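In terms of my numbering, the sequence shown is residues 45 to 392. Every residue gets a Cβ at the ideal spot worked out from N, C-alpha and C, and that includes glycine. Bear in mind the structure is a predicted one, so any value in this text is a computation, not a measurement. Read the structure below first, then the notes.
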Amino acid sequence: MYLFSLDNKAQMTLWDEFVQSHPDATPYHLSCWLRTLCDTYGFEPLLYIDKNQDGSIAGVFPLFSVKGFLGGKHLVSLPFSDYGGPLFHDKPREKEALKELISSHSEGAKYIEVRSPLPDEAGFITHDYYKRHILDLSPELSAIRKKINKRTIQYSIRKAEKMGIEVREQNNEYGMSEFYRLNLLTRKKHGVPGQPKKFFDNLLEHVFSSGHAFLLLAFYKSEPVAGSLFLTVGKGIHYKYNASDPAYLGRTTPNHLLTWMAVRQGHEAGYKHMDFGRTSPDNEGLIRYKKMWGTEEQNVSYNYYPEIKGASSTEESSWIYQKFTSLWRSLPDKVTEKLGSMIYKYTA
């Protein structure tokens with residue numbers, strides 16, 4: 045395999061052309077997302093490619109070398125991403141690439157994590173923990189809406205509309221600043237650190253400017269009360285982040301309307317599916333919510349070598365996770381904002 049440079053525009057153009065043409069590609073494989081991670085967290089990119097005899101790209105395999113809080117490093121494909129992994133059209137060549145990866149890095153890295161299904165013979169240990177939910181956007185909009193739960197989802201959409209919630213697309217600095225504010229509130233509520241402001245600024249500079257993202261904000265009496273951020277690739281939309289002000293949730297139910305507006309907008313733009321992202325099976329409420337949109341549930345396979353390790357392998361039902369989230373909720377807001385920006389990179 046060969047290495048491409050994230051700083052080489054010509055190479056990244058070829059990289060993105062291949063990614064866009066691959067049926068299993070995700071927004072996380074695009075160079076604009078990889079650049080965002082690199083510029084925000086300082087991870088070292090390892091962008092492997094395989095070539096055909098004519099020099100064209102036969103496969104890509106993006107990884108990052110990530111340093112641990114107590115030292116050492118591990119390889120992740122891809123950090124802070126629902127999915128990652130190699131993209132090959134030829135499975136035997138993919139297996140060879142994985143074996144070469146293990147041979148090259150098994151001594152220097154504590155472990156390797158690949159967030160995608162891999163061939164059984166590749167030598168990795170599979171951890172089937174997360175779920176994903178896919179909504180088919182190809183039918184008529186009326187048929188899509190008909191599959192959506194009436195008692196909870198459709199009722200909440202109508203309630204938000206009656207309350208005067210207005211949804212606007214805000215792909216700009218103002219929108220991202222408001223989303224960052226809402227995101228801190230949401231992450232604190234769930235007891236987990238929030239991403240640094242720099243991450244959202246880089247998203248705007250790299251991913252939004254490339255046309256692979258859009259941000260919807262819900263306004264109540266001119267006040268932004270909720271937002272949802274979506275990534276795009278090919279014919280798919282990926283629901284990446286949602287954030288909201290807890291003070292307005294029950295009264296105005298803005299999140300249901302936000303999701304519906306994204307579904308409608310995606311359908312009208314010709315997208316074929318919406319991926320609601322990965323979900324921990326321990327979060328039964330969120331699993332139930334995503335199913336109520338008429339989605340198809342699928343398993344998400346993460347693979348590790350030589351053993352299962354890392355933040356993404358920590359189940360939300362574990363005592364470590366429960367203790368950490370409880371402690372984080374008890375900290376003052378100013379402390380969690382500053383501390384979160386410092387430690388978030390170590391949860392990759």
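Subject >> Best match in G219, S200 and L181 for proximity to F320 [C-alpha to C-alpha] >> reply: Nearest C-alpha to F320: L181.
Original post:
Hey, W59 and V104: beta-carbon distance below 9 Å or not?
Top reply: The criterion of a C-beta distance shorter than 9 Å is satisfied by W59 and V104.
Subject >> Cβ contact check for the stretch 244-252 and the stretch 337-356: 3 or more pairs under 8 Å >> reply: The stretch 244-252 vs the stretch 337-356: no contact.
Original post:
S200 to L302, Cα distance in whole Å?
Top reply: Using only the alpha carbons, I get a separation of about 11 Å.
**OP:** Only counting runs of 3 or more residues, tell me where the beta strand (DSSP E) segments fall wholly within the stretch 246-329, in order along the chain.
**Re:** You should have 257-264, 267-277, 280-288 and 317-323.
**OP:** Could you say if the stretch 274-292 and the stretch 221-229 meet the contact criterion of at least three C-beta pairs nearer than 8 Å?
**Re:** Counting C-beta pairs with one atom in each stretch, the stretch 274-292 and the stretch 221-229 have three or more that are closer than 8 Å, which means they touch.
**OP:** Inspect the beta-carbon positions of Y349 and Y155 and report whether they are closer than 9 Å.
**Re:** Against a cut-off of 9 Å, the Cβ pair of Y155 and Y349 comes out as a contact.
Original post:
In three-state DSSP terms, what is E144?
Top reply: In the structure shown, E144 sits in a helix (DSSP, three-state: H, G or I).
Original post:
At what residues does the beta strand (DSSP E) containing N227 begin and finish?
Top reply: No beta strand (DSSP E) holds N227; the alpha helix (DSSP H) holding it covers E217 to H234.
Subject >> Distance, K241 Cα to M220 Cα >> reply: For M220 and K241, the distance between alpha carbons rounds to 9 Å.
**OP:** Output yes or no for whether 9 Å exceeds the beta carbon distance between L122 and Y72.
**Re:** Going by C-beta atoms, L122 is nearer than 9 Å to Y72.
Subject >> Limits of the unbroken alpha helix (DSSP H) element including Q342 >> reply: For Q342, there is no enclosing alpha helix (DSSP H); the residue is part of the beta strand (DSSP E) that begins and ends at E340 to Y349.
Original post:
Helix, strand or coil: which one does DSSP assign to T10?
Top reply: The shown model of the chain, from 45 to 392, leaves out residue 10, and the question about it has no answer.
**OP:** Assign R212 to buried or exposed, taking buried as 16 or more other Cβ atoms, counted over all protein chains shown, within 10 Å of its Cβ.
**Re:** R212 is classed as exposed because its beta carbon has fewer than 16 other beta carbons within 10 Å across all chains shown.
Original post:
When the distance is taken between beta carbons, is A257 closer than 9 Å to L273?
Top reply: Between L273 and A257, the CB-CB gap stays under 9 Å.
Original post:
Between which two residues does the alpha helix (DSSP H) containing I387 stretch?
Top reply: That run of the alpha helix (DSSP H) goes D377 to I387.
**OP:** Please determine, among K334, G314, A313 and K95, the residue with the shortest C-alpha to C-alpha distance to T323.
**Re:** For T323, the closest of K334, G314, A313 and K95 by C-alpha to C-alpha distance is K334.
Original post:
Using CA coordinates, which residue listed in F113, A204, T358 and S357 is at the minimum distance from A270?
Top reply: Closest by alpha carbon: A204.
**OP:** Would you mind working out which of F87, I364 and K143 sits nearest H118, comparing C-alpha positions?
**Re:** For H118, the closest C-alpha among the options F87, I364 and K143 is that of F87.
Original post:
For I156, which beta-bridge partners are listed by DSSP?
Top reply: DSSP output for I156 lists L119 and Y349 as bridge partner(s).
**OP:** Specify, as a first and last residue, the run of the alpha helix (DSSP H) that L58 falls within.
**Re:** In the DSSP annotation of this structure, the continuous segment of the alpha helix (DSSP H) that includes L58 starts and ends at K53 to S65.
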